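Chains as they are written, first to last, in my numbering: chain A, 584 to 695; chain B, 443 to 557. Each residue gets a CB set at the ideal place from its N, CA and C atoms; glycine is no exception. Everything numeric in this text was worked out from a predicted model, so none of it was measured. The block underneath contains the structure these notes are about, expressed in structure tokens.
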Amino acid sequence: SQQGEEDPQALSIQEGENATMNCSYKTSINNLQWYRQNSGRGLVHLILIRSNEREKHSGRLRVTLDTSKKSSSLLITASRAADTASYFCATDSGGSNYKLTFGKGTLLTVNP
Amino acid sequence: GAGVSQSPSNKVTEKGKDVELRCDPISGHTALYWYRQSLGQGLEFLIYFQGNSAPDKSGLPSDRFSAERTGGSVSTLTIQRTQQEDSAVYLCASSGGTEYNSPLHFGNGTRLTVT
């Protein structure tokens, strides 16, 4: 079963706007990661946030984590057409179980 | 350096035949994962190898699926007596550490079509 679930399933915005995607999970975690997948390609790691962190930035990406709500959000600011891709969150299951499980992803379309 | 390499990139097979999918992880990476992705869907965990530990096979959907990792490096995923529902993209990923904070590096996948 899926540990993480993203919403919305699909998001369409105009270039320059911000995009926010959310991820909810069920059990305690050590960390939460976000990945991006372009059509027909493998996934690329974007950012990792540890369970004791609340916010993290990387370039135009901002990730938040609320362990009390078991949720995370990924914000992409000043979006570009090249940001069009599917975005997935991935979580472990806490403890010493390092197995990562992925949600179904959010398909982001940035229109030029 | 080289990334994760998967072969073949595409495989078309007839129902009932066996197939072998290969993954060459990044050199030195101790963890290796196999996932399956159906069209427009998320990633379904199949199997996880970590160093010399017994693999976590909890995601394998049936006993027709098996995987091995020889010498802690190359991995082969075998599907016996393929069925049409096995059609999907099979993704391999490796990571460099035993810690939970090691990101995964993915190959581009093998697209399997069972006719």
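query                                                                                                                                                                                                        : result
Candidates Gln479(B), Pro467(B), Gly470(B) and Leu474(B): which alpha carbon is nearest threonine 558(B)'s?                                                                                                  : Since the displayed chain B opens at 443 and closes at 557, residue 558(B) lies outside it and no answer follows.
Which residues in the same chain have their Cβ closer than 7 Å to the Cβ of proline 545(B), if we skip the five residues on either side of it in sequence?                                                   : Ser537
Can you confirm whether the segment 589-597 of chain A touches the segment 617-632 of chain A when touching is taken to mean that 3 or more C-beta pairs between the two stretches lie within less than 8 Å? : no
At a CB-CB cut-off below 9 Å, which residues of chain A make contact with glycine 551(B)?                                                                                                                    : Gly623, Arg624 and Gly625
Report buried or exposed for glycine 587(A), applying the criterion of at least 16 other Cβ atoms within 10 angstroms of its Cβ.                                                                             : buried
Please identify, using Cβ separations under 9 Å, the residues of the segment 486-506 of chain B that lie next to chain A, in order along the chain.                                                          : Glu486, Phe487, Tyr490, Gln492, Asp498, Ser500 and Gly501
Identify which residue in Ser449(B), Glu510(B), Glu486(B) and Val446(B) has its Cα closest to the Cα of serine 495(B).                                                                                       : Glu510(B)
What separation, rounded to the nearest whole angstrom, lies between the Cα atoms of serine 584(A) and threonine 518(B)?                                                                                     : Because serine 584(A) carries a pLDDT of 46, less than 50, the predicted location of this residue cannot be relied on, and the following value inherits that uncertainty. Whole-angstrom Cα-Cα distance: 24 Å.
In or out: valine 446(B) buried (at least 16 other Cβ within 10 Å) or exposed?                                                                                                                               : buried
For glutamate 589(A), count neighbouring C-beta atoms within 10 Å of its own C-beta (all shown protein chains included) and say buried if the count is 16 or more, exposed if not.                           : buried
Using a Cβ-Cβ cut-off of 7 Å (strictly less than) and excluding sequence neighbours within five positions of valine 693(A), which residues of its own chain qualify?                                         : Ile596, Glu598, Ser662, Arg663, Ala664, Asp666 and Thr667
From tyrosine 608(A) to tyrosine 670(A), what distance separates their C-alpha atoms?                                                                                                                        : 15 Å
Would you say proline 545(B) lies against chain A (beta-carbon separation less than 8 Å)?                                                                                                                    : yes
With three or more beta-carbon pairs closer than 8 Å as the criterion, would you say the segment 484-494 of chain B touches the segment 454-466 of chain B?                                                  : no
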